[in-house]
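>
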Amino acid sequence: MSAVTQATHPVHKPSKANRNGESLSLPELRKLRPAHRKIRLEGVTIGERISDAVASTVGSWTFIIIQSSLLLLWLLLNVISWIRVWDPYPFILLNLLLSFQAAFTAPIIMMSQNRQNAIDRKKVENDYTVNVKAEMEIELLHQKIDALKEQEIKQLIDIISDLEKKITLYNTK
(Lines of atoms letter the chains of each structure in order from A and count residues from 1; the text may use other names and numbers.)
(Lines give C-alpha, C1' and ligand atoms only; values in the text may rest on other atoms or scores of the structure.)
Protein backbone atom coordinates (compact mmCIF):
# COMPACT_ATOMS: atom_id res chain seq x y z
CA MET A 1 0.00 0.00 0.00
CA SER A 2 1.45 3.39 -0.95
CA ALA A 3 2.00 6.21 1.48
CA VAL A 4 -0.88 8.20 0.00
CA THR A 5 -3.25 5.25 0.23
CA GLN A 6 -2.21 4.66 3.82
CA ALA A 7 -2.88 8.30 4.64
CA THR A 8 -6.33 8.22 3.11
CA HIS A 9 -7.47 5.01 4.81
CA PRO A 10 -6.65 5.40 8.52
CA VAL A 11 -10.11 6.88 8.94
CA HIS A 12 -11.28 3.81 10.80
CA LYS A 13 -8.17 3.65 12.94
CA PRO A 14 -8.37 6.78 15.12
CA SER A 15 -11.18 6.88 17.61
CA LYS A 16 -12.03 9.14 20.48
CA ALA A 17 -14.22 8.46 23.46
CA ASN A 18 -17.29 10.60 23.91
CA ARG A 19 -18.56 11.76 27.27
CA ASN A 20 -20.34 8.44 27.86
CA GLY A 21 -17.11 6.51 27.34
CA GLU A 22 -18.23 5.16 23.97
CA SER A 23 -15.61 5.17 21.24
CA LEU A 24 -16.61 6.89 18.01
CA SER A 25 -14.71 6.67 14.75
CA LEU A 26 -14.42 9.53 12.29
CA PRO A 27 -17.06 8.12 9.91
CA GLU A 28 -19.45 7.76 12.85
CA LEU A 29 -18.73 11.35 13.86
CA ARG A 30 -19.31 12.50 10.28
CA LYS A 31 -22.78 10.96 10.40
CA LEU A 32 -23.63 13.23 13.31
CA ARG A 33 -23.98 16.22 10.99
CA PRO A 34 -24.89 19.04 11.01
CA ALA A 35 -22.67 20.59 13.64
CA HIS A 36 -25.04 23.50 14.23
CA ARG A 37 -28.12 21.64 15.35
CA LYS A 38 -30.72 23.36 17.43
CA ILE A 39 -30.70 21.74 20.84
CA ARG A 40 -34.07 20.22 21.67
CA LEU A 41 -34.82 17.96 24.53
CA GLU A 42 -37.25 15.15 23.87
CA GLY A 43 -40.78 15.47 25.15
CA VAL A 44 -41.08 19.11 26.19
CA THR A 45 -44.18 19.20 28.36
CA ILE A 46 -46.77 21.94 28.51
CA GLY A 47 -45.60 22.76 32.04
CA GLU A 48 -42.04 23.27 30.83
CA ARG A 49 -43.25 25.53 28.03
CA ILE A 50 -45.32 27.53 30.50
CA SER A 51 -42.40 27.83 32.93
CA ASP A 52 -40.16 29.08 30.10
CA ALA A 53 -42.81 31.61 29.05
CA VAL A 54 -43.34 32.83 32.63
CA ALA A 55 -39.58 33.11 33.25
CA SER A 56 -39.03 35.08 30.05
CA THR A 57 -42.00 37.35 30.81
CA VAL A 58 -41.14 38.00 34.47
CA GLY A 59 -37.51 38.58 33.56
CA SER A 60 -38.28 41.37 31.09
CA TRP A 61 -38.24 45.14 31.40
CA THR A 62 -41.80 45.25 30.10
CA PHE A 63 -43.00 43.23 33.08
CA ILE A 64 -41.05 45.38 35.55
CA ILE A 65 -42.44 48.61 34.08
CA ILE A 66 -46.03 47.30 33.99
CA GLN A 67 -45.83 45.91 37.53
CA SER A 68 -44.26 49.12 38.87
CA SER A 69 -46.97 51.18 37.16
CA LEU A 70 -49.74 49.00 38.62
CA LEU A 71 -48.20 49.19 42.11
CA LEU A 72 -47.92 52.97 41.87
CA LEU A 73 -51.53 53.21 40.64
CA TRP A 74 -52.67 50.92 43.50
CA LEU A 75 -50.87 53.09 46.06
CA LEU A 76 -52.14 56.37 44.61
CA LEU A 77 -55.75 55.20 44.40
CA ASN A 78 -55.69 53.97 48.00
CA VAL A 79 -53.78 56.90 49.51
CA ILE A 80 -55.44 59.80 47.68
CA SER A 81 -58.87 58.11 47.77
CA TRP A 82 -60.16 59.27 44.40
CA ILE A 83 -62.49 56.36 44.58
CA ARG A 84 -63.56 54.16 47.45
CA VAL A 85 -60.53 52.82 49.38
CA TRP A 86 -60.40 49.01 49.15
CA ASP A 87 -56.94 48.54 50.74
CA PRO A 88 -56.14 51.09 53.45
CA TYR A 89 -52.65 52.18 54.47
CA PRO A 90 -50.67 49.13 55.54
CA PHE A 91 -51.81 47.71 52.16
CA ILE A 92 -52.40 44.20 53.46
CA LEU A 93 -54.19 43.08 50.30
CA LEU A 94 -51.34 44.38 48.12
CA ASN A 95 -48.83 42.57 50.33
CA LEU A 96 -50.89 39.37 50.03
CA LEU A 97 -51.02 39.65 46.22
CA LEU A 98 -47.27 40.30 45.94
CA SER A 99 -46.51 37.37 48.28
CA PHE A 100 -48.79 35.15 46.20
CA GLN A 101 -47.01 36.26 43.02
CA ALA A 102 -43.56 35.61 44.56
CA ALA A 103 -44.64 32.21 45.90
CA PHE A 104 -45.55 31.03 42.42
CA THR A 105 -43.00 32.78 40.21
CA ALA A 106 -39.92 31.65 42.17
CA PRO A 107 -40.52 27.89 41.69
CA ILE A 108 -41.61 28.42 38.09
CA ILE A 109 -38.42 30.35 37.35
CA MET A 110 -36.38 27.61 39.04
CA MET A 111 -38.09 24.98 36.86
CA SER A 112 -37.19 27.02 33.79
CA GLN A 113 -33.58 27.31 35.00
CA ASN A 114 -33.39 23.53 35.50
CA ARG A 115 -34.64 23.02 31.97
CA GLN A 116 -32.13 25.56 30.66
CA ASN A 117 -29.36 23.72 32.53
CA ALA A 118 -30.35 20.49 30.78
CA ILE A 119 -30.25 22.28 27.42
CA ASP A 120 -26.83 23.75 28.27
CA ARG A 121 -25.52 20.29 29.20
CA LYS A 122 -26.71 18.97 25.84
CA LYS A 123 -25.00 21.89 24.08
CA VAL A 124 -21.76 21.12 25.91
CA GLU A 125 -21.99 17.48 24.82
CA ASN A 126 -22.57 18.56 21.22
CA ASP A 127 -19.64 20.99 21.39
CA TYR A 128 -17.46 18.19 22.73
CA THR A 129 -18.51 15.91 19.85
CA VAL A 130 -17.81 18.65 17.30
CA ASN A 131 -14.39 19.31 18.86
CA VAL A 132 -13.50 15.60 18.79
CA LYS A 133 -14.61 15.43 15.17
CA ALA A 134 -12.52 18.48 14.27
CA GLU A 135 -9.50 17.05 16.08
CA MET A 136 -9.79 13.76 14.21
CA GLU A 137 -10.19 15.56 10.87
CA ILE A 138 -7.06 17.60 11.62
CA GLU A 139 -5.13 14.44 12.54
CA LEU A 140 -6.23 12.86 9.26
CA LEU A 141 -5.12 15.94 7.31
CA HIS A 142 -1.74 15.84 9.07
CA GLN A 143 -1.33 12.20 8.07
CA LYS A 144 -2.18 13.02 4.46
CA ILE A 145 0.27 15.93 4.39
CA ASP A 146 3.00 13.76 5.93
CA ALA A 147 2.37 11.06 3.32
CA LEU A 148 2.55 13.63 0.51
CA LYS A 149 5.81 15.00 1.94
CA GLU A 150 7.28 11.50 2.11
CA GLN A 151 6.23 10.87 -1.47
CA GLU A 152 7.80 14.16 -2.61
CA ILE A 153 11.02 13.39 -0.72
CA LYS A 154 11.15 9.95 -2.33
CA GLN A 155 10.64 11.52 -5.77
CA LEU A 156 13.37 14.09 -5.05
CA ILE A 157 15.75 11.34 -3.90
CA ASP A 158 15.01 9.42 -7.12
CA ILE A 159 15.64 12.55 -9.20
CA ILE A 160 18.90 13.24 -7.34
CA SER A 161 20.09 9.66 -7.79
CA ASP A 162 19.23 9.84 -11.53
CA LEU A 163 21.15 13.11 -11.79
CA GLU A 164 24.12 11.58 -9.91
CA LYS A 165 24.13 8.66 -12.33
CA LYS A 166 24.02 11.05 -15.29
CA ILE A 167 26.84 13.13 -13.79
CA THR A 168 29.02 10.08 -13.17
CA LEU A 169 28.20 8.80 -16.66
CA TYR A 170 29.05 12.21 -18.12
CA ASN A 171 32.30 12.43 -16.10
CA THR A 172 33.43 8.97 -17.21
CA LYS A 173 33.10 9.89 -20.87
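Numbering (the numbering used here), first residue to last: 1009 to 1181.
Even for Gly, the Cβ is constructed at its ideal location relative to N, Cα and C.
From a predicted model like this one, the values you see are computed outputs, not experimental measurements.
#1: Can you check the region 1057 to 1093 for any alpha helix (DSSP H) of at least 4 residues that lies completely inside it and give the ranges in chain order?
#2: Beta-carbon within less than 6 Å of V1062's beta-carbon, same chain only, minus the 5 sequence neighbours each way: which residues are those?
#3: With a threshold of 8 Å on Cβ separation, who are the neighbours of D1095 within its own chain once the five nearest residues in sequence on each side are excluded?
#4: Reducing DSSP to helix, strand and coil, say where T1016 ends up.
#5: Quick check on the DSSP output: the alpha helix (DSSP H) that includes T1113 runs from which residue to which?
#6: So M1001 packs on S1059, CB below 8 Å; how close in whole Å?
#7: Throw me the rounded Cβ distance for the L1034 and L1148 pair, which I believe falls under 8 Å.
#8: Assuming contact is defined by CB atoms lying nearer than 8 Å, are R1129 and E1056 in contact in what I supplied?
#9: Quick check: the Cα distance between H1020 and Q1159, rounded to an integer number of angstroms?
#10: Just the Cα atoms here: how many angstroms apart are A1126 and V1132?
Answer, in terms of the structure:
#1: 1069 to 1088
#2: On the sequence shown, position 54 is the one that residue 1062 refers to. Within the same chain, V1062 has close Cβ partners I1116.
#3: Numbered from 1 along the sequence shown, position 87 holds the residue referred to as residue 1095. Closer than 8 Å at Cβ, skipping near neighbours: W1082, N1086, L1101, L1102.
#4: Taking the first residue of the sequence shown as position 1, residue 1016 is located at position 8. Per-residue confidence for T1016 stands at a pLDDT of 43, beneath the threshold of 50, marking its modelled position as unreliable; the derived number appears in the next sentence. The answer is helix: DSSP assigns T1016 an H, G or I state.
#5: In the sequence shown, residue 1113 corresponds to position 105, counting from 1. Here the alpha helix (DSSP H) through T1113 covers 1100 to 1180.
#6: Missing from the structure shown is residue 1001; the chain here goes from 1009 to 1181 and no further.
#7: In the sequence shown, the residue the question calls residue 1034 occupies position 26. In the sequence shown, the residue the question calls residue 1148 occupies position 140. L1034 to L1148, Cβ: 7 Å. Contact.
#8: Within the sequence shown, residue 1129 is the residue found at index 121, counting from 1. Within the sequence shown, residue 1056 is the residue found at index 48, counting from 1. No, the pair does not count as a contact, with Cβ atoms beyond the cut-off.
#9: Sequence index remark: in the sequence shown, residue 1020 carries index 12 (1-based). Sequence index remark: in the sequence shown, residue 1159 carries index 151 (1-based). Note that H1020 scores 42 on pLDDT, short of 50, meaning its location in the model is unreliable and no value can be drawn from it.
#10: Translated into positions along the sequence shown, residue 1126 becomes position 118. Translated into positions along the sequence shown, residue 1132 becomes position 124. Whole-angstrom Cα-Cα distance: 10 Å.
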